[in-house]
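Engineer:
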Amino acid sequence: MKFLPLLPLLWLVSCEKPAPAPAATVPAVPTPATPEVSQAEPAPAAPAHLSVVRVNSTLQNWSITQPWEKNPPRQRRSLGAIVGDHQVITTAEMVADATLVEFEATDGTRRARAEVLSVDYEANLALLQLADAEEKTKFFAGMKPLEIAANPPLRDTLEIIQVEDNGQSLITSGQLLSADVRATFLPGQLFLTFRVKASMQSSASSFSLPVFNDGKLAGVLSSYDSKDQISDVIATPLIARFLMESRKEKYQGFPNLGVSISATEDVHFRSYLKLPDDQGGLYVSKVRKGSAADLAKIVPGDVMLSIDGKPVDRRGYYQDETYGSLPWVQLVRGNKSAGDVIRLTLWREGKATDVDVTLTRQEESTRLVPNYQFGKAPNFLIKGGMMFQELTRPLLEAYGDEWESRAPLNFLDALSNPEAYQADHDRMICLTGVIPTQATLGYEGLRNLMIKKVNGKPVRNMKELISAFQAMPISSDSHSIEFIDEDLVIYLNDEMSKMIDESLLQRGLQQLSRAE
Amino acid sequence: MKVFFVSLLMAGTALCQDPAPATAAPEAAAPSTADIYRSVVRIEVATQVPNYAAPWNAGRFSGGIGTGFLIGPNKFLTNAHVVSNGQRFLINIYGSPEKHRAKVEHIAHDCDLAILSVDDFAPFEKLPVFSISQAVPQLESQVRVIGYPIGGERLSVTRGVVSRIDFQPYSHSRADSHLIVQIDAAINPGNSGGPVLQDNKVVGVAFQGLTEADNTGYIIPTPVVNRFLKDVEDGRYDEYTDLGLAEFPLINPAMREALKLPNNGSGVLVTNVTPTGSCDGQVKPGDVLVAIDDHAIDANGSILIEGEKVNMHEIVERKFAGDQVKLRVIRGGKSEELTVTLKTLPQSRMYAIKYEEKPRYVMLAGLVFQPLDTNLFATASFRDVTVRRLYSDYVSKGLFQEFEDIVILTDMLSDELNTSLPRYTGRVVKSINGTKVSSLAQAESLLYPKTPPEHFVIELMGVERPLVLPAAKIPAANDRVRESYNIPRLSNLKAR
Numbered sequence: 002m003k004f005l006p007l008l009p010l011l012w013l014v015s016c017e018k019p020a021p022a023p024a025a026t027v028p029a030v031p032t033p034a035t036p037e038v039s040q041a042e043p044a045p046a047a048p049a050h051l052s053v054v055r056v057n058s059t060l061q062n063w064s065i066t067q068p069w070e071k072n073p074p075r076q077r078r079s080l081g082a083i084v085g086d087h088q089v090i091t092t093a094e095m096v097a098d099a100t101l102v103e104f105e106a107t108d109g110t111r112r113a114r115a116e117v118l119s120v121d122y123e124a125n126l127a128l129l130q131l132a133d134a135e136e137k138t139k140f141f142a143g144m145k146p147l148e149i150a151a152n153p154p155l156r157d158t159l160e161i162i163q164v165e166d167n168g169q170s171l172i173t174s175g176q177l178l179s180a181d182v183r184a185t186f187l188p189g190q191l192f193l194t195f196r197v198k199a200s201m202q203s204s205a206s207s208f209s210l211p212v213f214n215d216g217k218l219a220g221v222l223s224s225y226d227s228k229d230q231i232s233d234v235i236a237t238p239l240i241a242r243f244l245m246e247s248r249k250e251k252y253q254g255f256p257n258l259g260v261s262i263s264a265t266e267d268v269h270f271r272s273y274l275k276l277p278d279d280q281g282g283l284y285v286s287k288v289r290k291g292s293a294a295d296l297a298k299i300v301p302g303d304v305m306l307s308i309d310g311k312p313v314d315r316r317g318y319y320q321d322e323t324y325g326s327l328p329w330v331q332l333v334r335g336n337k338s339a340g341d342v343i344r345l346t347l348w349r350e351g352k353a354t355d356v357d358v359t360l361t362r363q364e365e366s367t368r369l370v371p372n373y374q375f376g377k378a379p380n381f382l383i384k385g386g387m388m389f390q391e392l393t394r395p396l397l398e399a400y401g402d403e404w405e406s407r408a409p410l411n412f413l414d415a416l417s418n419p420e421a422y423q424a425d426h427d428r429m430i431c432l433t434g435v436i437p438t439q440a441t442l443g444y445e446g447l448r449n450l451m452i453k454k455v456n457g458k459p460v461r462n463m464k465e466l467i468s469a470f471q472a473m474p475i476s477s478d479s480h481s482i483e484f485i486d487e488d489l490v491i492y493l494n495d496e497m498s499k500m501i502d503e504s505l506l507q508r509g510l511q512q513l514s515r516a517e
Numbered sequence: 011m012k013v014f015f016v017s018l019l020m021a022g023t024a025l026c027q028d029p030a031p032a033t034a035a036p037e038a039a040a041p042s043t044a045d046i047y048r049s050v051v052r053i054e055v056a057t058q059v060p061n062y063a064a065p066w067n068a069g070r071f072s073g074g075i076g077t078g079f080l081i082g083p084n085k086f087l088t089n090a091h092v093v094s095n096g097q098r099f100l101i102n103i104y105g106s107p108e109k110h111r112a113k114v115e116h117i118a119h120d121c122d123l124a125i126l127s128v129d130d131f132a133p134f135e136k137l138p139v140f141s142i143s144q145a146v147p148q149l150e151s152q153v154r155v156i157g158y159p160i161g162g163e164r165l166s167v168t169r170g171v172v173s174r175i176d177f178q179p180y181s182h183s184r185a186d187s188h189l190i191v192q193i194d195a196a197i198n199p200g201n202s203g204g205p206v207l208q209d210n211k212v213v214g215v216a217f218q219g220l221t222e223a224d225n226t227g228y229i230i231p232t233p234v235v236n237r238f239l240k241d242v243e244d245g246r247y248d249e250y251t252d253l254g255l256a257e258f259p260l261i262n263p264a265m266r267e268a269l270k271l272p273n274n275g276s277g278v279l280v281t282n283v284t285p286t287g288s289c290d291g292q293v294k295p296g297d298v299l300v301a302i303d304d305h306a307i308d309a310n311g312s313i314l315i316e317g318e319k320v321n322m323h324e325i326v327e328r329k330f331a332g333d334q335v336k337l338r339v340i341r342g343g344k345s346e347e348l349t350v351t352l353k354t355l356p357q358s359r360m361y362a363i364k365y366e367e368k369p370r371y372v373m374l375a376g377l378v379f380q381p382l383d384t385n386l387f388a389t390a391s392f393r394d395v396t397v398r399r400l401y402s403d404y405v406s407k408g409l410f411q412e413f414e415d416i417v418i419l420t421d422m423l424s425d426e427l428n429t430s431l432p433r434y435t436g437r438v439v440k441s442i443n444g445t446k447v448s449s450l451a452q453a454e455s456l457l458y459p460k461t462p463p464e465h466f467v468i469e470l471m472g473v474e475r476p477l478v479l480p481a482a483k484i485p486a487a488n489d490r491v492r493e494s495y496n497i498p499r500l501s502n503l504k505a506r
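Chains as they are written, first to last, in the numbering used here: chain H, 2 to 517; chain R, 11 to 506.
Have a look at this one:
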């Protein structure tokens, strides 16, 4: 009852707010130093809307807990920039687990199905084209592909492009505040990103937007913080390199060195390493087996003094000609292709040594525990009610926000110490749960175990698990299952599990296994 | 479900009661109800709880109220959690303002029982003594709970029936499970240590309740109480013993067939034998346990005692270290009879909360090293997978044979000597100057050698970059840290 008198007031307030908007000439946040910042104005006859299309995606991922079915689909819209021979660049988020991607002309006159030419989930970029190449001239009639801008210097003005529902383009100018390596989509995947200060309005499309500099494509906006009016923009050099890589016969992605490093600010550590004081340096603490660094015989304890002649300071920064202090990874991941050679100057055994490293890229699928599996249905096997799955990061994340402390310890161990398992496993096969059936009587409590052998055969991956179940010894009428770290062998009656599998299919499970 | 203790935590408030006139206790027969109340005493405890986050500090001073009762000449039975970490103990006779100084004679944290004695027993000499029943109270039979719970200053009596007899965790140590009797009489904070009576005989000791359920009070039943009293007869409490086995139920028919067992619902599979435990060297993983002391074990691991299905470990529960237990196992299709001599495994207390102990630690230039135990684990929620794995495998994989202590870098108190070190707290110390670390005392001797090296190089598990400190600058850093953080001593290697 007490709340009632407040309501008309609230309504008044909310009514007043939109009033200044139609005028649209007043800067939302007047900043005396940079008056051109944050100014939203209707575009004149500028060709911005002629160089962008809407990208409409339907995304649908697989259920982690019931891997035979898919989760409910979601819709996303973004604005893509037309580049090259009428290809469209947008964020990888837009096509991750997409079941349908469409282009839509900004004036709403035409739509057409699109397909992914190349996608890099780590760099968060995707290049799309029309599914039906013959439609190209018709669909893109009157549209003008963008050139890629030269790397804009800090404090330069960038224009963020939005398109309103009525087809009118909306350009917001903002200042390029800083450049740093950041993760814009997947955690831990650091790539060169601009921070741009601009006050945007939310518009029909989500915040995956083209960013222009001087009428050319300078970046792709991946997120906008309306509170601080700061947006993260995937930087120009990365866009240029992604397009370059995409034009190669096979998209390879961005390489890495395969080392873990530690700063050398600590003077006592430096004196222990006998590092000269006029040097910077990054301590190599770990070298991934089979990585570029490993092949170049870099070992833990080496100290990286410079990369391609650029000195690396004690905290791992080098001086970039355009963007100032940037983390060393930019010299490897952002500026190079797989197969390129970089020259490292290392401090080793008390003196500087040059080592040439041929950069490689570790395919995510070669990891023991992959960080992501977009567009790929999860592998699994249901046998007599026992559910086997491959250990992936999405599976671990299904243990909730606190998964790093709540997920089973043995799973977390495989994630953080893959070296201990890689000799015997391509993937960790886990018993994640047991559907109570007649065949799994007494096993209902079993879960979170990793599989060592089935029917006496070691199991490296899901395919081997499935074939091991098919290779039951003739002398036996049940399958044996052994677990890692447990002195326990359990048995599953073959005849009964076949019956159960049959009934599970009748109960609506689409399929009982997948190994792709 | 949350289990709560029923000792009342509060600052001791003085009781203002009229002294009741002393009545002569009748010598023979069971004492009358009114007399019995006089032997239920109020225990006031001042505690000092150690601080594992700052182990050099004295800890928190606090106190609580619980109940106890007279079970023999100068013997008051109560719960261990009532008197844990106690520094001063006072006993009140019902209705008397006088407080009698007491001390702990025996304390058993694994079964939450303790015996107190008073300095001067004279005022208690005429009080009736409770006798303890031998039997477990029957389901549905009525019991009375007497004690000093919250809600008033005077003695309280509640009534209820026995609702369940089960094998359940005892929350005081967080690591032990024993026989437990659930009753529906109200048991509230302050009731802890009070007698539960049937026909004026003790059938249990009130000790814990459930926060999420109504009318569930838990009492320590007589088998556990009597075992404790027998254990301390030699003047020392020796703790429970354990078979040191992990079992898997043999319910699945395919599993039974593969193990060539008849489908008669008997036996459990041994999946782990604790190294150096009671059964080590005799029982092996893969054995099927079918009988314990001639009681047939069913496929769920239960046996029949006195007409009640109970967990097979109940047999061992009633025995003592040095006692023997007969096991029948099926190994390789043949039945074998094994005789196992029970022993206690002190290392298995890794998972029990410790009381009456001063936290152990060693410091070097602001770096704090502590041995891993459950007190520390509960204080410093460790995220590091290596720490958590070593903790969980410590007993079952016998890691204690390799590590007397798992030494952890728990804190880095800022000092100019260590501020540029990366903060690798919450990791296990692997080695100091190349020597593997296996105990806190050894770590201390490595960190404070007679002739220090140029640098101390400390390697941590799961971290590839060593921590390096110049030895020459350590004494000055230690002085600064002691001064600024008010740390009286740089190490404490003795828990008691």
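Glycine residues also receive a C-beta, built at the ideal position from the N, C-alpha and C atoms.
Nothing here was measured: the structure is a model prediction, and the numbers come from that model.
Does the beta-carbon of Asn274 of chain R have 16 or more other beta-carbons within 10 angstroms, so that it is buried, or is it exposed?
Structural biologist: Position 264 of the second sequence, counted from the first residue, corresponds to residue 274 of chain R. The residue in question, Asn274 of chain R, is exposed, as its Cβ has fewer than 16 Cβ neighbours within 10 Å.
Engineer: Kindly provide the ranges of any alpha helix (DSSP H) runs that are 4 or more residues long and lie completely inside the region 426–475 of chain H, ordered along the chain.
Structural biologist: Runs of the alpha helix (DSSP H) inside the region 426–475 of chain H: 463–471.
Engineer: Return the CA-CA distance between Thr286 of chain R and Ser358 of chain R, expressed in angstroms with no decimal places.
Structural biologist: The residue you call residue 286 of chain R lines up with position 276 of the second sequence. The residue you call residue 358 of chain R lines up with position 348 of the second sequence. In a straight line, the C-alpha of Thr286 of chain R is about 11 angstroms away from that of Ser358 of chain R.
Engineer: For Asn152 of chain H, name the three-state secondary structure that DSSP assigns.
Structural biologist: For the purposes of this step, residue 152 of chain H is identified with residue 151 of the first sequence, where counting begins at 1. The answer is coil: DSSP assigns Asn152 of chain H none of H, G, I, E or B.
Engineer: Between Ala375 of chain R and the rest of its own chain, which residues show a CB-CB distance below 8 angstroms, the 5 nearest in sequence each way excluded?
Structural biologist: In the second sequence, residue 375 of chain R corresponds to position 365, counting from 1. Result list for Ala375 of chain R: Asp425, Leu427, Asn428, Leu479, Lys483, Ile484, Ala487, Asn488, Val491, in chain order.
Engineer: Run through the DSSP bridge pairs and tell me what Lys211 of chain R is partnered with.
Structural biologist: In the second sequence, the residue the question calls residue 211 of chain R occupies position 201. Looking at the DSSP assignment, Lys211 of chain R forms a beta bridge with R:Gln208.
Engineer: On the premise that Lys464 of chain H lies in contact with Ala516 of chain H, defined as a C-beta separation below 8 angstroms, what is that separation, rounded to the nearest angstrom?
Structural biologist: Here residue 516 of chain H refers to the residue found at position 515 when the first sequence is read from its first residue. Here residue 464 of chain H refers to the residue found at position 463 when the first sequence is read from its first residue. Contact flag correct, Cβ pair sits at about 5 angstroms.
Engineer: Quick check: is the beta carbon of Ala34 of chain H nearer than 8 angstroms to any beta carbon in chain R?
Structural biologist: Working through the first sequence from its first residue, we reach residue 34 of chain H at position 33. For Ala34 of chain H, the predicted structure reports a pLDDT of 40, less than 50, and the residue's modelled location is therefore unreliable. The matter cannot be settled from this model.
Engineer: For the region 243–252 of chain H against the region 93–111 of chain H, are there 3 or more C-beta pairs whose distance is under 8 angstroms?
Structural biologist: No contact exists between the region 243–252 of chain H and the region 93–111 of chain H.
Engineer: Name the chain R residues that come within less than 9 angstroms of Tyr373 of chain H, Cβ to Cβ?
Structural biologist: Locating residue 373 of chain H in the first sequence gives position 372, where the first residue counts as 1. What Tyr373 of chain H touches in chain R: nothing, since even the nearest Cβ is about 21 angstroms away.
Engineer: For Phe99 of chain R versus Val51 of chain R, is the C-beta spacing smaller than 8 angstroms?
Structural biologist: Here residue 99 of chain R corresponds to residue number 89 of the second sequence, with the count starting at 1. Here residue 51 of chain R corresponds to residue number 41 of the second sequence, with the count starting at 1. Against a cut-off of 8 angstroms, the Cβ pair of Val51 of chain R and Phe99 of chain R comes out as no contact.
Engineer: Under 8 angstroms between the Cβ atoms of Thr66 of chain H and Pro153 of chain H?
Structural biologist: Start at 1 with the first residue of the first sequence, and residue 66 of chain H comes out as number 65. Start at 1 with the first residue of the first sequence, and residue 153 of chain H comes out as number 152. For Thr66 of chain H and Pro153 of chain H, no; Cβs fall outside 8 angstroms.
Engineer: Kindly say whether Glu403 of chain H, judged by its beta-carbon, lies nearer than 8 angstroms to any beta-carbon of chain R.
Structural biologist: One-based indexing of the first sequence puts residue 403 of chain H at position 402. Not an interface residue.
Engineer: Assign Val350 of chain R to one of two classes, buried (16 or more other C-beta atoms within 10 Å of its C-beta) or exposed (fewer than that).
Structural biologist: Within the second sequence, the letter at position 340 stands for residue 350 of chain R. The residue is buried, with at least 16 neighbouring Cβ atoms inside 10 Å.
Engineer: Along the region 469–493 of chain R, where does the CB come closer than 9 angstroms to a CB of chain H? Name the residues.
Structural biologist: Going along the region 469–493 of chain R in chain order, one finds Gly472, Val473, Glu474, Arg475, Pro476, Leu477, Val478, Leu479, Pro480, Lys483 with a Cβ nearer than 9 angstroms to chain H.
Engineer: Just grab the DSSP bridge partners of Asp303 of chain H for me.
Structural biologist: Counting from one through the first sequence, the residue named residue 303 of chain H turns up at place 302. Paired residues: H:Pro301.
Engineer: Please state whether the Cβ-Cβ distance between Leu410 of chain H and Arg398 of chain R is less than 8 angstroms.
Structural biologist: The residue given as residue 410 of chain H occupies position 409 in the first sequence. The residue given as residue 398 of chain R occupies position 388 in the second sequence. Yes.
Engineer: Between which two residues does the alpha helix (DSSP H) carrying Arg506 of chain R extend?
Structural biologist: Within the second sequence, the letter at position 496 stands for residue 506 of chain R. It is not in any alpha helix (DSSP H) - Arg506 of chain R carries neither H nor E in the DSSP assignment.
Engineer: Any beta carbon from chain H within less than 8 angstroms of Glu267 of chain R's own beta carbon?
Structural biologist: Walking along the second sequence from the start, residue 267 of chain R turns up at place 257. So, interface residue.
Engineer: Taking a contact to mean a Cβ-Cβ separation below 8 angstroms, would you say Ile68 of chain R touches Gln97 of chain R in this structure?
Structural biologist: Walking along the second sequence from the start, residue 68 of chain R turns up at place 58. Walking along the second sequence from the start, residue 97 of chain R turns up at place 87. Per the sequence shown, the amino acid found at residue 68 of chain R is Ala instead of Ile. No, the pair does not count as a contact, with Cβ atoms beyond the cut-off.
Engineer: Mind checking Gly259 of chain H: buried by the 16 CB within 10 Å criterion, or exposed?
Structural biologist: Locating residue 259 of chain H in the first sequence gives position 258, counting from the first residue. Buried: at least 16 other Cβ atoms inside 10 Å.
Engineer: Would a C-beta distance cut-off of 8 angstroms place Val96 of chain H and Ala127 of chain H closer than the cut-off?
Structural biologist: As a position in the first sequence, residue 96 of chain H is number 95, starting the count at 1. As a position in the first sequence, residue 127 of chain H is number 126, starting the count at 1. Yes, the pair counts as a contact, with Cβ atoms nearer than the cut-off.
Engineer: Which residues in the same chain have their Cβ closer than 7 angstroms to the Cβ of Ala106 of chain H, if we skip the five residues on either side of it in sequence?
Structural biologist: As a first step, residue 106 of chain H must be located in the first sequence, where it is residue number 105. So the list reads Val54, once near-sequence residues are dropped.
Engineer: Run down chain H in chain order and give the residues with a C-beta less than 7 angstroms from the C-beta of Pro295 of chain R.
Structural biologist: As a first step, residue 295 of chain R is located in the second sequence; it is residue number 285 there, counting from the start. Per Cβ cutoff of 7 angstroms: Asp488.
Engineer: Alpha carbons only, please: which of R:Pro432, R:Asn502, R:Val206, R:Asn385 is nearest the one belonging to Gln452 of chain R?
Structural biologist: The residue given as residue 452 of chain R occupies position 442 in the second sequence. When each option's Cα is compared against that of Gln452 of chain R, the closest is R:Asn502.
Engineer: Would Met373 of chain R be called buried (16 or more neighbouring beta carbons within 10 Å of its own) or exposed?
Structural biologist: Here residue 373 of chain R corresponds to residue number 363 of the second sequence, with the count starting at 1. Burial call: buried.
Engineer: Work out the CA separation of Pro369 of chain R and Arg506 of chain R for me, nearest whole Å.
Structural biologist: Taking the first residue of the second sequence as 1, we reach residue 506 of chain R at position 496. Taking the first residue of the second sequence as 1, we reach residue 369 of chain R at position 359. When rounded, the distance between both Cα atoms is 9 angstroms.
Engineer: Determine the direct distance from the alpha carbon of Ile149 of chain H to that of Pro28 of chain H, and round the result to whole angstroms.
Structural biologist: The count along the first sequence starts at 1 and reaches residue 28 of chain H at position 27. The count along the first sequence starts at 1 and reaches residue 149 of chain H at position 148. The predicted position of Pro28 of chain H is uncertain, since its pLDDT is 37 and thus under 50; a value taken from the coordinates is nonetheless stated next. Computed Cα separation, rounded: 29 angstroms.
Engineer: Under the rule that 16 or more other beta-carbon atoms within 10 Å means buried, what is Gln40 of chain H, buried or exposed?
Structural biologist: Along the first sequence, one-based indexing puts residue 40 of chain H at 39. Confidence at Gln40 of chain H is low in this model, with a pLDDT of 46, below 50, so its placement is unreliable and no value can be given for it.
Engineer: Name the chain H residues whose beta carbon is nearer than 8 angstroms to that of Lys261 of chain R?
Structural biologist: The residue given as residue 261 of chain R occupies position 251 in the second sequence. The identity of residue 261 of chain R in the sequence shown is Ile, whereas the question assumes Lys. Residues of chain H passing the Cβ test: Leu442, Gly443.
Engineer: For Val395 of chain R and Tyr434 of chain R, what's the separation of their Cα atoms in angstroms?
Structural biologist: The residue labelled residue 395 of chain R in the question sits at position 385 within the second sequence. The residue labelled residue 434 of chain R in the question sits at position 424 within the second sequence. Cα-Cα distance, rounded: 14 angstroms.
Engineer: Is DSSP giving Glu403 of chain H helix, strand or coil here?
Structural biologist: Taking the first sequence and counting its residues from 1, one reaches residue 403 of chain H at position 402. Glu403 of chain H falls in the coil class under three-state DSSP.
Engineer: Within 8 angstroms of any Cβ in chain R, is that where the Cβ of Lys499 of chain H sits?
Structural biologist: As a first step, residue 499 of chain H is located in the first sequence; it is residue number 498 there, counting from the start. Answer no: the Cβ-Cβ gap between Lys499 of chain H and chain R never drops below 8 angstroms.
Engineer: Does the beta-carbon of Phe71 of chain R have 16 or more other beta-carbons within 10 angstroms, so that it is buried, or is it exposed?
Structural biologist: Along the second sequence, one-based indexing puts residue 71 of chain R at 61. Result: exposed.
Engineer: Assign Pro314 of chain R to buried or exposed, taking buried as 16 or more other Cβ atoms, counted over all protein chains shown, within 10 Å of its Cβ.
Structural biologist: The residue you call residue 314 of chain R lines up with position 304 of the second sequence. Looking at the sequence shown, residue 314 of chain R is not Pro but Leu. Classification of Leu314 of chain R: exposed, given that the 10 Å Cβ count is below 16.
Engineer: Could you work out which residue in R:Asp209, R:Lys353, R:Val191 is closest to Gln218 of chain R when comparing CA atoms only?
Structural biologist: As a first step, residue 218 of chain R must be located in the second sequence, where it is residue number 208. Cα-wise, what sits closest to Gln218 of chain R is R:Val191.
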